[in-house]
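Asks: Residue numbers (this note's numbering): 4 to 161. Have a look at this one.
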Amino acid sequence: MRLSTITAVALAFTATVASAQTKYPTDVTFEDGAIAASLSGTPGDPANGQVLMNKGAGNCIACHEVTALAELPFHGGIGPMLDGAADRWTEADLRGIVADAKVMFPESMMPSFYKISGFVRPGDAYTGKAIDPDAITPLLSAQEIEDVVSFLMTLRDE
Ligand code: HEC
4 MRLSTITAVA LAFTATVASA QTKYPTDVTF EDGAIAASLS GTPGDPANGQ
54 VLMNKGAGNC IACHEVTALA ELPFHGGIGP MLDGAADRWT EADLRGIVAD
104 AKVMFPESMM PSFYKISGFV RPGDAYTGKA IDPDAITPLL SAQEIEDVVS
154 FLMTLRDE
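What follows is the structure, given as C-alpha cells:
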C-alpha cells in the first residue's frame, strides 16, 4: 500500500516534468513570427533534421532547394532557396517559420508543421468524414521541429 503510493507519486512527478519540457502547439507564443524558446527543452539534432528535410511529413525539399542536399532528387522551386537561411534569420525566427510559417508570412502556402487548431473544416480526405479535433496531431513533433531548426542553423553562406 505504502510502496504503491510512493510509486504513484513518483510517476505523477515524472509525468509533470516531461510535460513541462514540451510545449504543446496550442501553448506556443509567437513574437513577430518567431518562437524564442525551444519547443522540446532538448537541443536539436542537425543530422536527424537533415533526414526530416527529405522525409515523411517534413519533405521541405519538395518546395525548397538546398545546396547541402543537392545529391537528393526532385528539388522544388516553390519556396525560396534555403542556402544562407541562418544568415537571414535567427534561430527563433526559423523555429517560428517551421512551426507555423503563416504567422511570419500570412499568405504562405508553406504547411504549418506544429499546429493542431484553427484549420478550416479539418477532415479525413480518404473517408470524407469530419475528424475529431482531439485526434489532430502536428505534422512534426516538438523535437522534430528542433531537429529541423538545428539543421537550418548550419546553412550559412561562406
Ligand atoms: C508547399 C511548399 C513548401 C513546403 C513543403 C515547405 N515550404 Fe518553406 N516556404 C515555402 C514558401 C512559398 C516560402 C516563402 C514564404 C512565403 O510564403 O512568402 C517558404 C519559406 C521558408 C523559409 C524562409 C525562407 C528564407 O530563407 O528566407 C524557411 C526557412 C523555410 N520555408 C523552411 C522550410 C522547412 C524547414 C520545411 C520543411 C519542414 C519547409 N519550409 C516546407 C514553401 C514551402
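All C-beta atoms, glycine included, are put in the ideal place defined by N, C-alpha and C. Note that the coordinates shown come from a computational prediction; the quantities given were computed from them, not determined experimentally.
What separation, rounded to the nearest whole angstrom, lies between the Cα atoms of D103 and L42?
Replies: Indexing the sequence shown from 1 puts residue 103 at position 100. Indexing the sequence shown from 1 puts residue 42 at position 39. Approximately 13 angstroms between the Cα atoms of the pair.
Asks: Can you determine whether any heavy atom of the ligand SAM sits closer than 7 angstroms to the C-beta of L42, and answer yes or no?
Replies: Looking for the ligand SAM in the displayed structure turns up nothing; the ligands present are the ligand HEC.
Asks: Classify Y117: buried if its beta carbon has 16 or more other beta carbons within 10 angstroms, exposed otherwise.
Replies: As a first step, residue 117 must be located in the sequence shown, where it is residue number 114. Buried.
Asks: So, with DSSP's three-state summary, where would you put A133?
Replies: Along the sequence shown, read from residue 1 onward, the residue named residue 133 stands at position 130. Strand at A133.
Asks: Could you pull out every residue in the same chain whose Cβ sits closer than 6 angstroms to the Cβ of F77, ignoring the five residues on either side in sequence?
Replies: By one-based count along the sequence shown, residue 77 stands at place 74. Closer than 6 angstroms at Cβ, skipping near neighbours: no residue.
Asks: Taking DSSP as the reference, what is the three-state secondary structure of A37?
Replies: Counting from one through the sequence shown, the residue named residue 37 turns up at place 34. A37: strand per DSSP, three-state reduction.
Asks: Quick check: the Cα distance between Q24 and E149, rounded to an integer number of angstroms?
Replies: Here residue 24 is taken as the residue at index 21 of the sequence shown, counted from 1. Here residue 149 is taken as the residue at index 146 of the sequence shown, counted from 1. When rounded, the distance between both Cα atoms is 13 angstroms.
Asks: Considering only C-alpha positions, which residue in the set M156, L158 and S115 is nearest to I139?
Replies: Counting from one through the sequence shown, the residue named residue 139 turns up at place 136. Residue S115 is the option with its Cα nearest to I139.
Asks: Residues in its own chain within less than 6 angstroms of V151 by CB, not counting five upstream and five downstream?
Replies: Here residue 151 refers to the residue found at position 148 when the sequence shown is read from its first residue. Here the set comprises G52, L55 and V101.
Asks: On a Cα-Cα basis, can you pick out the residue from K26, R98, A50 and A145 that is closest to D35?
Replies: Indexing the sequence shown from 1 puts residue 35 at position 32. Nearest of K26, R98, A50 and A145 to D35, Cα basis: R98.
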